[in-house]
Every structure is written in structure tokens, then in C-alpha cells.
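Under the UniProt record's numbering, the first residue of the sequence shown carries the number 1, and numbering increases by one thereafter.
Every residue, glycine too, gets a C-beta built ideally from N, C-alpha and C.
Here is the structure we will look at.
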Amino acid sequence: MEEQQDCTTTTVPVFQLTCDELTRELRTRFNKGAYHGQALYRHVMQHGQRDVTTIDAFKRSGDLADRVQAVLGWATGKITDTVNEGETIKFVTTLDDGARIESVIIPMRGYSTVCVSSQVGCRQGCVFCETAGMGFVRQLTAEEIVAQVWRTRHVMGHPVRNVVFMGMGEPLDNLDNVMQAIRVMQDQRGLDIPLRRMTLSTSGRVDGLKRLAEAGLTSIRLAISLNAANNELRSRIMPVNKRFPLDQLRQALRTFPLPPNREFFIEYVIFKGVNGSRDHVRDLLAFIRDLPVRVNVIGYNPGRNARFKAPEDRDLLAFAGYLREHGVHTRIRWSKGRSIMAGCGQLAAERGTGEHATGTHGNQPVIAID
Ligand code: SF4
1 MEEQQDCTTT TVPVFQLTCD ELTRELRTRF NKGAYHGQAL YRHVMQHGQR
51 DVTTIDAFKR SGDLADRVQA VLGWATGKIT DTVNEGETIK FVTTLDDGAR
101 IESVIIPMRG YSTVCVSSQV GCRQGCVFCE TAGMGFVRQL TAEEIVAQVW
151 RTRHVMGHPV RNVVFMGMGE PLDNLDNVMQ AIRVMQDQRG LDIPLRRMTL
201 STSGRVDGLK RLAEAGLTSI RLAISLNAAN NELRSRIMPV NKRFPLDQLR
251 QALRTFPLPP NREFFIEYVI FKGVNGSRDH VRDLLAFIRD LPVRVNVIGY
301 NPGRNARFKA PEDRDLLAFA GYLREHGVHT RIRWSKGRSI MAGCGQLAAE
351 RGTGEHATGT HGNQPVIAID
């Protein structure tokens, strides 16, 4: 017999819901409509308040505020550590089950970008990434993803304008929760972050790119963590390439319905003596031929257990220079926050053993969205 869930006893995970979804919950449970739903959503998402009893719309309805408060759920952990370097701030959230994730705030001119994690650990096994050494622990829920942005704005006090999925984890390995988090963050009655101000970085899950397109999330900025453009080398450093080799990835980019005048970001981290030669840059030119891309050339930032070394600055300049000579829109990304390992994707997460692992999605610094 199918087990029925009693919606009156389960919690309402506010961070996981759009305003309409929250309103539906209030209607089902308390016979209240959009007036109360929108007031509560604004209160939480825009004003950063979680105490329902202070909302005027609820004060006038007897014990409604207390009854609503009792069912709201905030299973998102709490901030347990912050590390600053200059203006860059990394904060650790310890989740309710004890797992730790990290997020990085990069203040820009008058606003901030926040780099969020999408998983605890990662199963993709990129050899340069110390998150891979943690293995896959679990998916983050949509509310745990959204809460990183909410905390940046309302606890850390930073005016978030951009969100980048470049923290721990492969976002396309957790696509249902990532897509729900995106829908919530977009909601204009709440956090109100437009899709064009979100960047999703992937190691190249072709099936996930197709699902994003099918879901209509084509305005999100897509960053491909490429790092090598021949199959032999890429499969060695990024095992995802064995499942989705470069020709499939290239085809997925060719057919992705990008909005007009938009480009993919190709993230190319250079590891000293591994992938930064003239032959490698030629491979890259062949891969991106006729694709609308801009290339970010990034110097590897070695973690504590690094297998590779950082390149010389002149290696980056030569690699980027060759791309530019061939008409490719190229930028060198000098990472902010290097010494705290918070150039985005340089996220350290303790495993509860005192040992640190570097959570690295592609070892990338944050893309500044101007
Ligand atoms: S680089 Fe990204 S996809 Fe690869 S193991 Fe690290 S977090 Fe996972």
C-alpha cells in the first residue's frame, strides 16, 4: 500500500521554495493565499528575517504566526568559520549532519559575487582536484544551495548580484536540486538574481547540458572546465572525458541554444609542464573552432596535496598570447584570495579529521560578471 505523507506534520523548507510554492503550502495547510505567502516570502528572502510573529499580515490573524512558524524548516546548518584575505571571504557552513561546505564571497565594485558549492565532495575524480580525494559524500539539497546565497546577503551582509556554481561538486551531477535552487534564486519576489547573472561551471557532462537546454535554462552563463583539448590527456586528468569525449562535448556546445550574442566560457587551468605547450594550445584552437567562446586562462593554484605545480606567469602569457593571435577572446585570470585557497574552486573543506581537502571545481578563480 502506498504510504501517504501528512503535509500538516512535515516541515516547509522555505529556502527550497519559490514564492508560488510557498503560497501553495500556506493555502493547503492554513487556508491562506497570496497575501500571506508573499509577505512571508519577502520577510525571509528580501529582509532576511525568519521570525513570522513580526510580520504585520500574520499579527492580525490570531495564532497563525505561531502555527506557521512551527512548520517552517531551516535544515541548512550554520556558519562555523570564516577566513578573510583582503576583500575575499570564505565561509564554512556546517550542515545539520555535520558535513561541511564552503562558499566564497568576492566583493566587486559595489556588489558581490558568491561562489557556491553544489555537493559535499564529488564523484568526478579530476586528478588535480582535492575535492575528488574526498569522494562523493552527498548531494546538497536545493535549500542548502540557496542558503549559501541567503547567508551571504543576510548574515555576511554582502549585496550579492552574481552567483557562480564553481564551489565543491559537479553541479550537473546534482541537476534536479541545482535547477530548483536556480528557480528559487531567480524569483523576483525573493532573492531576485536573474539567470544571466548566474554561472554554472561543469566538467563536461553532456547529458546535463542537454537537460539544461530542455529546461529552458539557456540564459545561464555556462563555463566549461576544459583544461585539455585532446582526449588522451583530458581523460587522464578528467575521467569524465572517458564517458563524454571531446567530440561529444563539442557537439553539445554546437547545439546548445545560446541566446544571441552570448558565449561559453572555456576555463583552461594550466599545470606546469602538463597542458600548456604550443601543441596543447593548438588542440584548444581546434576544439573551439567556430564556437562562440571566450577563454579564461588560469594558473593552477596548488593545494596542500597537489600533484601538479603552478605555471610561471610567462607560461600563461604565452598561452593566452597565442590564442589572441588567432582571434580568440582570451583573458588571463589572476586569482583573488590565493593564499586562503579561495580562488573560486579553491575551497577547503575539513573532513572532520583535522585534515583539509581542497574543494576545487576545475581549480578556477571566480568569473567576474561585469
Ligand atoms: S574539478 Fe569539479 S568535477 Fe572535477 S572532481 Fe573537482 S569538483 Fe568534481
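Check: For Gln188, count the other beta carbons within 10 Å of its own beta carbon; 16 or more makes it buried, fewer makes it exposed. Which is it?; Outcome: exposed
Check: Are the Cβ atoms of Glu232 and Ser203 separated by less than 7 Å?; Outcome: no
Check: Are Gly37 and Thr53 closer than 7 Å when you measure CB to CB?; Outcome: no
Check: Whole angstroms are fine: how far does the CA of Arg234 sit from the CA of Phe244?; Outcome: 11 Å
Check: Identify, in the order they occur along the chain, each residue of the same chain with its Cβ nearer than 8 Å to the Cβ of Thr11, setting aside the five sequence neighbours on each side.; Outcome: Val71, Leu72, Gly73, Ala75
Check: Measuring straight from C-alpha to C-alpha, what distance separates Gln139 and Arg205?; Outcome: 16 Å
Check: Roughly how many whole angstroms lie between the Cα atoms of Tyr300 and Ala310?; Outcome: 5 Å
Check: Note down, in chain order, each residue of its chain lying with its Cβ closer than 7 Å to the Cβ of Leu246, except the 5 sequence neighbours on either side.; Outcome: Ala229, Asn231, Arg234, Phe287
Check: Given that a residue counts as buried once 16 or more other Cβ atoms are within 10 Å of its Cβ, and exposed if not, what is Asp56?; Outcome: exposed
Check: With a floor of 3 residues, list each beta strand (DSSP E) that falls wholly inside the region 217-272, ordered by position along the chain.; Outcome: 221-225, 264-270
Check: What's the C-alpha gap between Ala320 and Arg278?; Outcome: 11 Å
Check: Could you check if Glu267 belongs to the surroundings of the ligand SF4, using beta carbon to heavy atom distance under 6 Å?; Outcome: no
Check: Roughly how many angstroms lie between the CA atoms of Glu85 and Ile298, to the nearest whole one?; Outcome: 20 Å
Check: Run through the DSSP bridge pairs and tell me what Ile79 is partnered with.; Outcome: Thr93
Check: Please report the straight-line C-alpha distance between Val137 and Gly125, rounded to a whole angstrom.; Outcome: 13 Å
Check: For residue 371, which three-state DSSP category applies?; Outcome: The structure shown does not extend to residue 371, since the chain is modelled only from 1 through 370, so no value can be given for it.
Check: Assign Tyr268 to one of two classes, buried (16 or more other C-beta atoms within 10 Å of its C-beta) or exposed (fewer than that).; Outcome: buried
Check: Can you list, in chain order, the residues of its chain whose CB lies under 6 Å from that of Ile220, leaving out five sequence neighbours each side?; Outcome: Leu195, Met198, Leu200
Check: Contact between the region 43-50 and the region 99-119: three or more CB pairs below 8 Å?; Outcome: no
Check: Assign Arg307 to one of two classes, buried (16 or more other C-beta atoms within 10 Å of its C-beta) or exposed (fewer than that).; Outcome: exposed
Check: Does DSSP classify Leu72 as helix, strand or coil?; Outcome: strand
Check: By Cβ distance, which residues of its chain are closer than 6 Å to Val14, with the 5 residues on each side in sequence left out?; Outcome: Val44, Leu72
Check: Does DSSP classify Gly133 as helix, strand or coil?; Outcome: helix
Check: Look at the Cβ atom of Phe256, then the Cβ atom of Ala215, and state whether they are nearer than 7 Å.; Outcome: no
Check: Mapping DSSP to helix, strand and coil, what is Met185?; Outcome: helix
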